[in-house]
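Below is one structure, written out as structure tokens; comments come after it.
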Amino acid sequence: RTSAPVCSCPRGPVPVRSQAGAALDEFEEDDQRSTPFACEAAPRCHRNLEIAAVAEREQDMAKLTGKRIKTASGEYDLEVVRVLRLSHGKIDRLGDDILQCKLLERLDLSHNRLISVRGLEQLPALKRLNLAFNKLCSISGVESLPNLEVLDLRGNMLRDIGIFEKMADLKALRQLWLQSLSTASPSARNPCCEHPSYTVVVRKHLPNL
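21 is the number that UniProt numbering gives to position 21 of the sequence shown; each next residue is one higher, with no gaps.
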């Protein structure tokens with residue numbers, strides 16, 4: 001075993017650090033200086049990851065996927081789904097998966113963020129459809145459902161009184177909701193209900209109501 005080299009000076013022999021030891025000390029000092037910055041950056045990165053994860057979850061929730069349909073209905077195959085309740089689901093678009101539910105008779109999509117329901121015309125078995133409290137300005141996709149008996153459209157943004165003429169082909173329709181019976185909830189009323197000819201036009205085109 002060899003001892004560390006020493007140098008002679010008035011104060012006595014002092015061990016001389018090897019170059020490797022000096023380099024190690026310098027590295028440790030640099031690491032200690034950089035540590036606070038790393039600690040400060042870590043929380044920011046973590047927050048960014050959390051924000052990204054939340055945004056991704058919200059995007060997934062906005063989609064009406066086959067997985068969501070199966071979970072909500074309890075059915076493994078979309079083709080056999082007859083009842084589907086997806087209210088308060090933050091859904092803003094239908095997607096294509098629901099079009100596989102050819103036997104679907106009851107569909108509740110109330111309290112979502114839908115601006116269009118195009119595609120529902122491909123579900124001819126629908127009898128009860130709840131689209132209340134969405135953001136619909138049009139009923140395209142609904143006016144040609146041959147077996148539709150109950151339609152709830154309260155709390156949307158339907159302005160055009162011409163929608164009732166488009167509904168004239170809904171021969172099976174027995175109940176149509178466009179506003180709440182309670183005057184305490186004006187938000188449930190569609191703008192078209194304010195039209196002076198509203199009642200007359202409804203009775204003309206939908207005499208079975």
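Just so you know, even glycine gets a beta-carbon here, dropped at the ideal spot from N, CA and C. A quick note: this is a predicted structure, and the numbers were derived from the prediction, not measured.
Which of helix, strand or coil does DSSP assign to residue i?
{"i": "K63", "result": "strand"}
{"i": "Q175", "result": "strand"}
{"i": "L131", "result": "coil"}
{"i": "R68", "result": "helix"}
{"i": "L158", "result": "coil"}
{"i": "L99", "result": "helix"}
{"i": "L78", "result": "helix"}
{"i": "R113", "result": "coil"}
{"i": "D92", "result": "coil"}
{"i": "C193", "result": "helix"}
Spatial neighbours of residue i within its chain, please: C-beta separation below 8 Å, excluding the five flanking residues on both sides.
{"i": "L181", "result": "none"}
{"i": "K63", "result": "I91, R93, G95"}
{"i": "M157", "result": "K135, L136, C137, N190, P191"}
{"i": "Y76", "result": "K70"}
Cα separation between residue i and residue j?
{"i": "V202", "j": "N147", "result": "19 Å"}
{"i": "L176", "j": "I161", "result": "14 Å"}
{"i": "A55", "j": "C45", "result": "Here the model assigns A55 a pLDDT of 49, short of 50, so the residue's position is not dependable, and the following value carries that caveat. Going by the C-alpha atoms only, they are around 15 Å apart."}
{"i": "D169", "j": "R106", "result": "19 Å"}
By DSSP's criteria, residue i is part of a beta bridge. Which residues make up the other side?
{"i": "D152", "result": "N130, W177"}
{"i": "L107", "result": "L84, L129"}
If I measure Cβ to Cβ from residue i and keep anything under 7 Å in the same chain, skipping five residues before and after, which residues do I get?
{"i": "Q179", "result": "R154, A188, R189, N190, C193"}
{"i": "G66", "result": "L78, D97"}
{"i": "R118", "result": "S140, G141"}
Please work out which residues of its chain come closer than 6 Å, Cβ to Cβ, to residue i, disregarding the five sequence neighbours upstream and downstream, and give them in chain order.
{"i": "N208", "result": "none"}
From the beta carbon of residue i, is the nearest beta carbon of chain D less than 8 Å away?
{"i": "K166", "result": "Absence of chain D from the displayed structure is noted, only one protein chain being present."}
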